[in-house]
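What follows is a set of notes on a single structure, which appears directly below.
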Amino acid sequence: MTILVTGARGNVGRRVLDRLHAAGHDLRASARTPDDLTVPAGVDAVELDLGRPETFDTALKGVDSAFLYAEPAAARDLFAAVARAGVRHVVLLSSATVSGPAAGTDPLALHHAAVEDALAASAVPGTVLRPGAFAGNALGWSRAIAAGQPVRIPFPDAHTAPVHEDDIADVAAVALGDRSYAGRTLTFSGPRSLTFRQQLAVIGALLGREVPVHELTRDQAVEEMGRFMPPPVLASLLDQWSAAVDRPAEVHDVKAVTGRPARTFEQWAREHLDAFAARN
Ligand SMILES: NC(=O)c1ccc[n+]([C@@H]2O[C@H](COP(=O)([O-])OP(=O)(O)OC[C@H]3O[C@@H](n4cnc5c(N)ncnc54)[C@H](OP(=O)(O)O)[C@@H]3O)[C@@H](O)[C@H]2O)c1
0 MTILVTGARG
10 NVGRRVLDRL
20 HAAGHDLRAS
30 ARTPDDLTVP
40 AGVDAVELDL
50 GRPETFDTAL
60 KGVDSAFLYA
70 EPAAARDLFA
80 AVARAGVRHV
90 VLLSSATVSG
100 PAAGTDPLAL
110 HHAAVEDALA
120 ASAVPGTVLR
130 PGAFAGNALG
140 WSRAIAAGQP
150 VRIPFPDAHT
160 APVHEDDIAD
170 VAAVALGDRS
180 YAGRTLTFSG
190 PRSLTFRQQL
200 AVIGALLGRE
210 VPVHELTRDQ
220 AVEEMGRFMP
230 PPVLASLLDQ
240 WSAAVDRPAE
250 VHDVKAVTGR
260 PARTFEQWAR
270 EHLDAFAARN
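Here it is, written out as structure tokens:
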């Protein structure tokens, strides 16, 4: 009963791997470059590039269920290989954008929808996870905060309900361990809607100092954030944030799946406070 965890060094993938390992499952972990992948004792590390079909069959041989990241490049080939290998259940990390207000045009939504569609068109039983914005996105502010500089962001009053990556991994681990989740789509978020300004205030309160915010215009954000983000992704995010200004995000608790309340953004920030602390 081998479970394959793709993206095993990713924020979510690694947590899924750790949970399944602690529960005693027989595991295989994959990465595009497995040689430098660190895995728990007894776990096989294999090569799997979700965009390169020639890597699929070997990685999937003997696999009973799989945790998958969403990569549309070769998604139909992937699910054909999954079916060929006799995999009985996949859990796909998708995104709440797929059911968001701009689902038909938003590049991030279309990226994930393409993989969901390929899964639905295959004969493979699957569970689709649609988390909202990750709490870990706040790490993008860490450099400025640690340096004591203002955080330069557009739409600081945009709301998200940040979800802790441990909750995403808990949901994935529950679904991987229970085939009755096959055929279901699970949409979930963190426990509370917070604006970016409020998230920064939470971090500031934990640090014991104010975290100043410098609001960027959309054009300034395109210029500054476009240096490290592909234009379609940036445009998608700017559209989402602009639409979320002063509009609380919908909250979908994970408790129905995990049996425990969702972790708060404050808990996430407390656990990651070192990343925001001043460096000497
Ligand atoms: N951030 C958000 O707010 C948000 C919201 C909703 C959904 N999501 C979804 O969550 C994902 C991010 O999760 P994360 O934070 O865990 O990501 P992460 O830490 O950036 O890790 C990404 C993982 O994806 C793997 N990967 C990327 N391309 C691959 C490919 N072609 N073949 C095989 N593996 C590949 C990487 O594997 P390697 O080790 O091989 O590089 C890596 O392990 C996004 O891609 C999106 O689909 C994010």
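Residues 0 to 279 (numbering that gives the first Met the number 0) are what the sequence shown spells out, left to right. Note that the Cβ used here is the ideal one computed from N, Cα and C, for glycine as well.
Check	Outcome
Contact under 9 Å by Cβ, Val-97 with His-111	yes
CB of Leu-59 within 9 Å of CB of Ala-84, strictly	yes
Through-space distance from Ala-95 to Thr-216, alpha-carbon basis	26 Å
Spatial distance of Ser-93 from Thr-104 (CA atoms)	16 Å
CA-to-CA distance, Val-244 to Lys-254, given in whole angstroms	27 Å
Where the alpha helix (DSSP H) containing Ala-113 begins and where it ends	106 to 120
Helix, strand or coil at Glu-70 according to DSSP, with G and I counted as helix	coil
Terminal residues of the beta strand (DSSP E) in which Phe-187 lies	184 to 187
Distance, Pro-211 Cα to Gln-198 Cα	12 Å
Nearest-angstrom beta carbon gap, Arg-14 and Ala-168 [assumed within contact, 8 Å]	3 Å
Where Thr-5 sits in the DSSP three-state scheme	coil
Pairwise C-alpha distance: Leu-3 and Pro-33	13 Å
Of the residues Arg-87, Ala-108, Val-42, Thr-37, the one placed nearest Glu-70, counting alpha carbons only	Ala-108
Contact test: Gly-135 Cβ vs ligand 1 heavy atom, cutoff 8 Å	yes
Distance cut-off 8 Å: Glu-115 Cβ against heavy atoms of ligand 1	no
Residues near Thr-150 by beta carbon distance below 8 Å, same chain, minus five either side	Residue 150 is actually Val in this sequence, not Thr. For Val-150, where only same-chain residues beyond five positions count, the Cβ hits under 8 Å are Trp-140, Ala-143, Ile-144, Leu-199, Val-210, Pro-211, Val-212, His-213.
Selection from Ala-74, Arg-27, Thr-37 that minimises the alpha carbon distance to Asp-63	Arg-27
DSSP three-state assignment for Val-42, whether helix, strand or coil	coil
Ala-132 and Gly-125 closer than 9 Å at C-beta	no
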